[in-house]
Every structure is written in structure tokens, then in C-alpha cells.
Amino acid sequence: AAAIQTLVEKEDVDLVITTSFGYMDATAEMAEKYPDKYFVHISGYRSGAAGNAPENMSAAFAEFYQLYYLNGLAAGAVTKTGVVGYVAAHPIPEVVRHINAFVLGANYAYRKRTGKNIKAYVSWLFSWFDPGKTRTATISLVEEKNADVVAFTEDSPTTLQVAEEYTTQKGKQVWSFSHYGDMTQYGPNSHLTGQIVNWGPIYLDFYRMVATDTWRSVDIWTRIGDYIPYKWRLPVEKSTAGKPEGTVYLAPLHSAIPSEWQLEIKRRYEEMKELIFEPFSPEGNLGEPIRDQEGEVMIDYDQIVVSKKTGEVREGGRADHDALWLMDWFVEYIESELPKA
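According to the working numbering, the stretch in the sequence shown is residues 787 to 1127, in order.
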């Protein structure tokens, strides 16, 4: 709150954008204190539009779960051990759905290849940024769990750097990904693909509203295909997957991914632009219901469990916004426990 107050009072800014989940309540507090200023919180759920914050506060989020599913397809296409790992920040729904999406994608590809289910392990950091713990966690997943593909939610390239060390110095091919920006330079021999975000279009939208005095509180949730000026269906071979577009997009695909799986990734990428395909659906799980670690059906062709904690069930064969934003369970292919947030 103090940092926001400094921007408003000393710098006299009209628009403040706070860029971490932990700033949500402080942003709402400052929005109430300064009703003639405008505030945007990234990755939270409070806004005037949602009815749980002042009208001068909006929320925005660049969603990655679709890209994590594609990362999973790539992982399942190249893994030799049948084991994937994930270095995770905090056990909140955002991270949980990213982990689940990654593992669903990995299992889809691996079972298509081998007829066997993938095994996945998660190592928790309880921090958004901790290169030291990330390094230890990545090594543990590789050495103790035999993972040869490791995804992550942590704000450094450490996991990819460790993978590169194994690949180039220790004689073991380990793969990892980009996160937020293109991290290829940190592990050119281990960079499989990844998720990239361009916040510019979102920020520009808010700036325009303030500059033209047309502000209205909104809750922006961008997925693949959003903020692309012109959208059209493309043949798979001409897919823009791996090229900058919109707000969120896929990092380039490594040539080690077999060609048939590169085509599959591009096909799913284009289908998700148009909301034709949804990872959290039976189609994303080889036509089977998606079950949690206890074997309970969470997503089937005719219904979804919105939250395991509340037990709310809705009609429909694919996860909706609420089910994604409240996700509090792990898919059955994950061996690690989900701690309480």
C-alpha cells in the first residue's frame, strides 16, 4: 500500500497497475482511498466489475493453462522415462490449473505413444522467486524421481538452466520451458517450448480509457487468440504457434519434438483460439472423464465439479471460468500431494 500511495501522491500518476497476486487487497484499499485515480490489479479477482472493489479498480490476467497443456503435449512426445516434474510456486488455483493442464497434455501424448500413463511429481517452493530453492527442487525431480522434462512456475530461468547443465555437462537430456518471456538463451539445448505473455495490448487498453475519460471497470481474462487484431482459421501447417501474437502465445517448438506432434500442437493451438478445443474436457483426456487423485470424476461429458471443497456441480462437458479459477484438486496422474493454500 505504501508503494502505491507514493506513486499517487508524490508522482501524481493517474493509473496504477499492480502486478502480483499479493497486491490485490492493497490495491482495492488504495482505490477506495483515491476515487479520482484508476487502478488495475493483475492476476486477482477483485474489481468494480465483479462487485467486490470500487468502480475505479479493474482486474486483468493473461491466462496460461492452454499453453501449459500444449507444453504437456510436447513433454509427452519427447520423454524417455515417462516421468515429468513441476517446480511450483504456491498452491493456489492459478498454479494448480497450470499443473493439471500440463500433466493432462503430457499424459495425452505419452499414452498415445506408449499405451502407458505418465507419472508426474510436483515440488513446492512457497515462493514466486527463489532461484536457490528452484535449483534444488529441479535437481531433486531429475535425480530422485527420474523426471526428464520439468515445467515450472517461478520467476527465473533456473529450472531451464539446470536442465541445460544436465544436457550439456552430465550426459542426460533434460527438457524445460520458457515462462513469461522467451528463455531459449538460458538453455538452447534443453528448451522445448513455453508460454509467453505480451502485456502491452492490455496495458494500452487501460491507458486509452484513462486518457480519453472513458473508464469503466472490467475484468479481463485473456487466453489464446485474444487481442489478435484479425482472427481466422488456419490450416495446421500454417499455424502461428511459436510466433508472437495476441497477449499469450507459444514459444518456438524445438526440432526434437516429432513432426506429427508438432502438427498436433499447432492444431490444438488453432482450435483453442476459436474455443473449439478445451483441455479440461474429456477430449483433452483421450475421451475419458477427468478424475482427481482419489478417482472421483471431476469433469465428464455432462457435468463438471466447480470446486471440490464446496462440492458444487454444474452441467457441461468442459471446465468453465469458475471451475478453472477455483480449482483445488490434482488430476489422477500426479503422484505428489496438493498442500492447502
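No residue lacks a Cβ here, since even glycine has one placed at the ideal position from N, Cα and C.
Because the structure is a prediction, the values reported are computed rather than measured.
- Contact between Val1092 and Arg1100 holds, since their C-beta atoms are separated by about 6 Å, short of 8 Å.
- Cβ contact annotation for Asn886 (same chain, cutoff 6 Å, sequence separation greater than five): Val1117, in chain order.
- A straight-line Cα-Cα distance of about 21 Å links Val802 and Glu849.
- When secondary structure is reduced to three states using DSSP, Val864 falls in the helix class.
- In the DSSP assignment, Val1022 falls outside any alpha helix (DSSP H) and carries neither an H nor an E.
- If you look at Ala814, you'll find it in the alpha helix (DSSP H) that goes 810-819.
- For the options Tyr972, Tyr1013, Ser844, Ser962, the alpha carbon positioned closest to that of Glu1060 is the one of Tyr1013.
- Collapsing the DSSP output to three states places Met1113 in coil.
- Looking at Glu818, Phe807, Ser806, the one whose alpha-carbon comes closest to that of Val794 is Glu818.
- One alpha carbon belongs to Leu1036, the other to Gly980, and they sit about 6 Å apart.
- Here His884 is buried: its Cβ has 16 or more other Cβ atoms, across all protein chains shown, within 10 Å.
- Taking each of Ala787, Gly837, Met816 in turn and checking the Cα distance to Asp1005, the smallest one comes out for Gly837.
- Ala845 has its alpha-carbon roughly 6 Å from the corresponding atom of Tyr831.
- Between the alpha carbons of Ala937 and Thr867 lies a distance of about 15 Å.
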